[in-house]
Amino acid sequence: MSQALQNLINLIHLEKIEEGIYRGQSEDLGFPQVFGGQVIGQALYAAKQTVTDDRMLNSFHSYFLRPGDSHKPIVYDVEILRDGKSFSARRVSAIQNGKPIFYMTASFQTPEESFEHQCSMPEVPPPEELASQQEIAKNIFHLLPSKLKDAFSVLPPLEVKPIKFYSPFNKSPEEPVRYVWFRSNGKMPEDPFIHHCLLGYASDLNFLPTSLQPHGIGFMEKDIQIATIDHSMWYHRPFKMDDWLLYSIESPSASGARGFVRGHIYTREGVLIASAVQEGVIRKRK
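Next comes the structure, spelled out in structure tokens:
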């Protein structure tokens, strides 16, 4: 396991303050606020601490209320909504400076067999034929803020290989779709729930910027504001984060200063393991 991956797993693990209340540290990735994937992963970890081991995460729905401060810890308050025969529901509040910055409702289910079908995985080149995001970033390294330069200068916790690279300083319109291979940068622990938390973290990467592609705008342009409003995800089937996964993303709509994106995540064998949707603010700053 790489040190970067170990650091990310450590970040997702929370300190228990008292029953149902946990504290997590934040990481500074060079963005103006806490990375949304971090808050998702930590909130999922907090919720799971109150659920029996036989129940697995099947979905979550979340709202980002305020920007988080990446230099301060976050407190997670878990409320037990229901424990039924098959499902358990939890509500998690993420708090900084005495105010909620994020809410999540998560559902956990006892595994069972039933009907099955799924959509097919798109035909794309395998990851072995593609350059990593780290390698591609060298072409725009001189344009990046210093914090992002630091992030791209070291081995990342996730290995990311886009089918096509879309510059964050993009100036040409593109179709609102993107395909990205990703996996953990090293062997993961066996606990499947840590894989679930890391997938929640990874699901926020390369997502909302897809809604800017038809407009020839990159998310790192100085006059662009981009921020997640809500993010939901459904876990369909077992998977491992240390195997290659394909994130198939599309943006069917943008209007009212909001971009909408949805994605499916597949194993390289074509098994659909998760789906995600997100809406966020996309606008030019006034």
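Just so it is clear: in the sequence shown, position 68 is 68 by the UniProt record's numbering, and no numbers are missing. The C-beta atom is built at its ideal place from N, Cα and C for all residues, glycine as well.
**OP:** Note the first and the last residue of the continuous beta strand (DSSP E) segment covering Asn7.
**Re:** In the sequence shown, counting from the first residue as 1, residue 7 sits at position 7. Unbroken run through Asn7 is the alpha helix (DSSP H), 3-12; no beta strand (DSSP E).
**OP:** Determine the DSSP secondary structure at Lys171, reduced to helix, strand or coil.
**Re:** To locate residue 171, count along the sequence shown from 1; it is residue 171. Secondary structure of Lys171 (DSSP, three-state): coil.
Subject >> Contact check, Ser107 vs Phe87, beta carbons under 8 Å >> reply: Translated into the one-based positions of the sequence shown, residue 107 becomes position 107. Translated into the one-based positions of the sequence shown, residue 87 becomes position 87. Going by C-beta atoms, Ser107 is nearer than 8 Å to Phe87.
**OP:** Consider the C-beta atom of Ile226 and the heavy atoms of the ligand MG; say whether any pair is separated by less than 7 Å.
**Re:** Because no ligand of any kind appears in the structure shown, any question about the ligand MG cannot be addressed here.
**OP:** Report the three-state DSSP secondary structure of Thr105 (helix, strand or coil).
**Re:** Along the sequence shown, one-based indexing puts residue 105 at 105. Looking at Thr105 - three-state DSSP - the assignment turns out to be strand.
Original post:
How would you call Ala43, buried or exposed, if buried means at least 16 neighbouring beta carbons within 10 angstroms?
Top reply: The residue you call residue 43 lines up with position 43 of the sequence shown. The residue in question, Ala43, is buried, as its Cβ has 16 or more Cβ neighbours within 10 Å.
**OP:** Along the beta strand (DSSP E) that carries Pro162, what are the first and last residues, could you check?
**Re:** Within the sequence shown, the letter at position 162 stands for residue 162. First-last of the beta strand (DSSP E) with Pro162: 158-162.
Original post:
Which residues does DSSP pair with residue 288 in a beta bridge?
Top reply: Since the first residue of the chain shown is 1 and the last is 286, residue 288 is not available in this structure.
**OP:** Give the straight-line distance between the Cα atoms of Pro100 and Asp28, rounded to the nearest whole angstrom.
**Re:** Here residue 100 refers to the residue found at position 100 of the sequence shown. Here residue 28 refers to the residue found at position 28 of the sequence shown. In this structure, the alpha-carbon of Pro100 lies about 20 Å from that of Asp28.
Original post:
Do the stretch 118-128 and the stretch 73-93 meet, that is, are 3 or more Cβ pairs less than 8 Å apart?
Top reply: Between the stretch 118-128 and the stretch 73-93 there are fewer than three C-beta pairs closer than 8 Å, too few to call the two in contact.
Original post:
In whole angstroms, what separates the C-alpha of Val177 from that of Arg268?
Top reply: Here residue 177 refers to the residue found at position 177 when the sequence shown is read from its first residue. Here residue 268 refers to the residue found at position 268 when the sequence shown is read from its first residue. Our two residues, Val177 and Arg268, have alpha carbons roughly 19 Å apart in a direct line.
**OP:** Determine the contact status of Tyr76 and Leu14, defining contact as a CB-CB distance below 8 Å.
**Re:** In the sequence shown, residue 76 corresponds to position 76, counting from 1. In the sequence shown, residue 14 corresponds to position 14, counting from 1. Here Tyr76 is near Leu14, since their CB atoms are less than 8 Å apart.
**OP:** Classify Val281 as helix, strand or coil using the three-state DSSP reduction.
**Re:** Numbered from its first residue, the sequence shown carries residue 281 at position 281. In the structure shown, Val281 adopts extended strand secondary structure according to DSSP, grouped into three states.
Subject >> Same chain only: Cβ atoms within 8 Å of residue 311, ignoring 5 sequence neighbours per side >> reply: Residue numbering for the chain in the displayed model covers 1 to 286; residue 311 lies beyond these limits and cannot be assessed.
Subject >> Buried or exposed by the 16-neighbour rule on C-beta atoms within 10 Å, applied to Lys161 >> reply: Walking along the sequence shown from the start, residue 161 turns up at place 161. Buried, since its Cβ has 16 or more Cβ neighbours within 10 Å.
**OP:** Have a look at Gly41, Asp191, Asn206 and flag the residue whose alpha-carbon is nearest the alpha-carbon of residue 293.
**Re:** Within the shown structure, residues of the chain are numbered from 1 to 286, placing residue 293 beyond reach of any answer.
Subject >> Three-state class that DSSP yields for Tyr247 in the structure shown >> reply: Residue numbering aside, residue 247 sits at position 247 when the sequence shown is read from its first letter. Strand at Tyr247.
**OP:** Following the continuous beta strand (DSSP E) through Gly24, name the residue where it begins and the one where it ends.
**Re:** On the sequence shown, position 24 is the one that residue 24 refers to. Per DSSP, the continuous beta strand (DSSP E) segment holding Gly24 begins and ends at 21-24.
**OP:** With a threshold of 16 other CB atoms inside 10 Å of the CB of Pro173, please say whether the residue is buried or exposed.
**Re:** Residue mapping note: residue 173 aligns to position 173 of the sequence shown, counting from 1. The residue is exposed, with fewer than 16 neighbouring Cβ atoms inside 10 Å.
Original post:
Run through DSSP, which three-state label would Ala131 get?
Top reply: Against the sequence shown, residue 131 aligns to sequence position 131. Collapsing the DSSP output to three states places Ala131 in coil.
Original post:
Comparing alpha-carbon positions, which option in Ile282, Ile265, Pro157 lies nearest Ile12?
Top reply: Here residue 12 refers to the residue found at position 12 when the sequence shown is read from its first residue. Out of Ile282, Ile265, Pro157, Pro157 has the C-alpha closest to the C-alpha of Ile12.
Original post:
Can you find at least 3 beta carbon pairs, one from the stretch 238-250 and one from the stretch 176-190, that sit closer than 8 Å?
Top reply: Under the 8 Å Cβ criterion, the stretch 238-250 counts as touching the stretch 176-190, having at least three qualifying pairs.
Original post:
Would you report the Cα separation of Ser275 and Lys48, rounded to the nearest angstrom?
Top reply: Looking up residue 275 in the sequence shown gives position 275. Looking up residue 48 in the sequence shown gives position 48. Going by the C-alpha atoms only, they are around 20 Å apart.
Original post:
Out of curiosity, what's the CA-to-CA distance linking Phe193 and Leu57?
Top reply: Working through the sequence shown from its first residue, we reach residue 193 at position 193. Working through the sequence shown from its first residue, we reach residue 57 at position 57. Cα-Cα distance, rounded: 8 Å.
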